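Asker: Residue numbers (the numbering used here), protein chains in the order written: chain A, 1 to 191; chain B, 1001 to 1191.
Protein chains: 2
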Amino acid sequence: MSGDRPLRADARRNRERVLAVAYEVFAAEGLSVPVDEIARRAGVGAGTVYRHFPTKEALYEAIVLDRVDRLVGRARDLAAVADPAEAFYGFFTFMTDEGATDKGLAEALAGAGFDIETAAPGAERAFMDAIATLLARAQAAGVVRADLTAADVKTLMVGCQAMQRYRGAAALGPVLAVVRDGLRPDRPAEP
Amino acid sequence: MSGDRPLRADARRNRERVLAVAYEVFAAEGLSVPVDEIARRAGVGAGTVYRHFPTKEALYEAIVLDRVDRLVGRARDLAAVADPAEAFYGFFTFMTDEGATDKGLAEALAGAGFDIETAAPGAERAFMDAIATLLARAQAAGVVRADLTAADVKTLMVGCQAMQRYRGAAALGPVLAVVRDGLRPDRPAEP
DNA sequence: TGGCAACCGGGGCGAGCGTTCCGTATAGTA
DNA sequence: TACTATACGGAACGCTCGCCCCGGTTGCCA
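Dropping the structure here:
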């Protein structure tokens, strides 16, 4: 296919500008922003965007994969934390906050307008594995109910991000507290 | 404005067919289904749809308001149930199930593509009041944590509907159990 | 510095969708 | 049955958006 000859300097510059702008715009407005708008804000023609990313979905992919990598990295950092509860709940909170900040990422995780699992099964799997690791440790320590799977936890994260999008990020404390408390195992019924 | 002279028989028939089809289609596919598609399935021209509903949003409105009325009715029925916990949690479950069945309603409640609060403030208020009534009784009985407002509960319902849409309705039991358990007040710490 | 390949910009095309218009058909009435 | 207000169908319009193309420009190397 494409012998990847090094890019010319201006091409490289433009490619990076497009990526940087798309980062911000997708985070702020979601994945439905027109390509022309991204091109305009990057000070570039639409054709230039399509030369670097053959399709709008390819642009999604470049950005979302980077974001997911970041999430996985964060999960791995937290896996090194001593307290299993702090590690698991820290990641959970990080995820919901991220969803409030980055609209495009939240949409991608929820499968709206872009399907990670099809586009990059590897990234999706790494993400699920990272959740599974934190979850297993938390369950072994008895700080998360034992009947939950990693898929359940991801579903809950998606739901929490939807709540963030629905209501502002502010004054969402009690709502997220409900979910966090629900994750804890039933305390033994009073004797 | 329009002196509402009675409709001609065929007009009345068509209007009802359009409404019936739109009900099903919006529930199954969501609010983004094209008007032409609805007209086609109703065996009617697009112009006919627009004569009865001046705008696509007006068609949303007719349907969503009817659905919301149904929800409010259900809430009022449950308000008559003796057990406050059964009443509140029964409504919560009803809502999440409804969101799984009726995609269009879920989108409307979440404010995606149609804004109930602007289109029909009355219906929105009746809905919130219905929640508030069930919530207050449940809180007074000590079966729901006291720091939650009706808006918080609605936010949680929207989030649970998003979870339903994300994962299938099947195998969502543990996930919804997390939220339901989180709604309960903290049991007193062991003495 | 000259020449060529690589790259750029932005106008244009086609598809999808909400909405409108108008010639035709039909229900209701005398 | 004949007449008219009313309603119908679906072609057409305008707009948005993803994507392509071509005439002009510019980085790179000899």
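In this text, a Cβ means the ideal position worked out from N, Cα and C, and glycines have one as well. Keep in mind that this is a model prediction, so the values were computed, not measured.
1) Would a check of beta-carbon distances place L156(A) closer than 8 Å to chain B?
2) Does any C-beta atom of chain B lie closer than 8 Å to the C-beta of L134(A)?
3) Reducing DSSP to helix, strand and coil, say where V1044(B) ends up.
4) Decide if S1002(B) is buried, meaning its Cβ has at least 16 other Cβ atoms within 10 Å, or exposed.
5) What in chain A is Cβ-close to P1174(B), meaning under 9 Å?
6) Would you report the Cα separation of A1058(B) and R1017(B), rounded to the nearest angstrom?
7) Could you give the residue range of the alpha helix (DSSP H) that holds F64(A)?
8) Output yes if chain B places a C-beta closer than 8 Å to the C-beta of V179(A); else output no.
9) Going by C-alpha distance, which of R1012(B), A1126(B), T1093(B) and P1174(B) is nearest R1051(B)?
10) Where A136(A) and L1031(B) are concerned, what is the direct C-alpha to C-alpha distance, given to the nearest angstrom?
11) Rounded to whole angstroms, what is the Cα-Cα separation between P1121(B) and A46(A)?
12) Rounded to whole angstroms, what is the Cα-Cα separation between A75(A) and D1097(B)?
13) Cβ closer than 7 Å: which chain B residues qualify as neighbours of R167(A)?
14) Closer than 8 Å by beta-carbon distance: list the chain B residues that pair up with L78(A), in chain order.
15) Cβ closer than 8 Å: which chain A residues qualify as neighbours of G1111(B)?
16) State yes or no: is the beta carbon of M1001(B) nearer than 8 Å to at least one beta carbon in chain A?
17) Using 8 Å as the Cβ pair cut-off and three pairs as the minimum, do the stretch 1088-1108 of chain B and the stretch 1169-1184 of chain B touch?
18) Once the 5 residues before and after V158(A) are set aside, which same chain residues still bring their CB inside 7 Å of it?
19) Distance check for L1183(B) and E117(A), CA to CA, integer angstroms please.
20) Can you pull the chain A neighbours of L1192(B), defined as C-beta to C-beta under 7 Å?
21) Are the beta-carbon atoms belonging to A1079(B) and A1085(B) less than 8 Å from one another?
22) Would the beta-carbon of P62(A) fall within 8 Å of that of L7(A)?
23) To which residues of the same chain is E1029(B) closer than 7 Å at the C-beta, ignoring the five residues directly before and after it?
24) Less than 8 Å separating the beta-carbons of F1127(B) and V1081(B)?
25) When DSSP labels each residue in this structure, what does V254(A) get in the three-state scheme?
Answerer: In brief:
1) Yes - at least one Cβ of chain B is within 8 Å of the one on L156(A).
2) Not closer than 8 Å to any Cβ of chain B, the Cβ of L134(A) fails to qualify, so no.
3) Coil.
4) Because the pLDDT at S1002(B) is just 42, under 50, the model does not fix this residue reliably, and the value given afterwards should be weighed accordingly. With fewer than 16 other CB atoms across the displayed protein chains lying within 10 angstroms of its CB, S1002(B) is exposed.
5) Per Cβ cutoff of 9 Å: R145, D147, L148, T149 and D152.
6) Spanning the two alpha carbons is a distance of roughly 16 Å.
7) In the sequence as displayed, the identity of residue 64(A) is Val instead of Phe. For V64(A), the enclosing alpha helix (DSSP H) stretches over residues K56 to A79.
8) Taking 8 Å as the threshold, the shortest C-beta distance from V179(A) to chain B falls below it.
9) Nearest of R1012(B), A1126(B), T1093(B) and P1174(B) to R1051(B), Cα basis: R1012(B).
10) Distance between the alpha carbons of A136(A) and L1031(B): 40 Å.
11) Spanning the alpha carbons of P1121(B) and A46(A) requires a straight line of approximately 42 Å.
12) Rounded to the nearest whole angstrom, the C-alpha separation of A75(A) and D1097(B) is 33 Å.
13) In chain order: T1155.
14) Simply none; closest approach about 20 Å.
15) In chain order: Y166.
16) Summary for M1001(B): the model assigns pLDDT 40, below 50, so the residue's position carries little reliability; its value from the coordinates is reported in the next sentence. Proximity of M1001(B) to chain A, defined by a Cβ-Cβ separation below 8 Å, is not satisfied.
17) Verdict: yes, contact present.
18) Same-chain partners within the cutoff: L109 and A110.
19) Rounded to the nearest whole angstrom, the C-alpha separation of E117(A) and L1183(B) is 32 Å.
20) Nothing about residue 1192(B) can be reported from this structure: the residues present for chain B run from 1001 to 1191 only.
21) In this structure, A1085(B) does not lie closer than 8 Å to A1079(B) by Cβ.
22) Looking at the sequence provided, one finds Ala at residue 62(A) rather than Pro. Remark: C-beta atoms of A62(A) and L7(A) do not approach each other more closely than 8 Å.
23) Only residues of its own chain outside the window of five on either side were considered, and among them K1103 have a CB closer than 7 Å to the CB of E1029(B), listed in chain order.
24) Between F1127(B) and V1081(B), the gap from beta carbon to beta carbon reaches 8 Å or more.
25) With chain A represented from 1 up to 191, any question about residue 254(A) goes unanswered, as that position is not in the structure.
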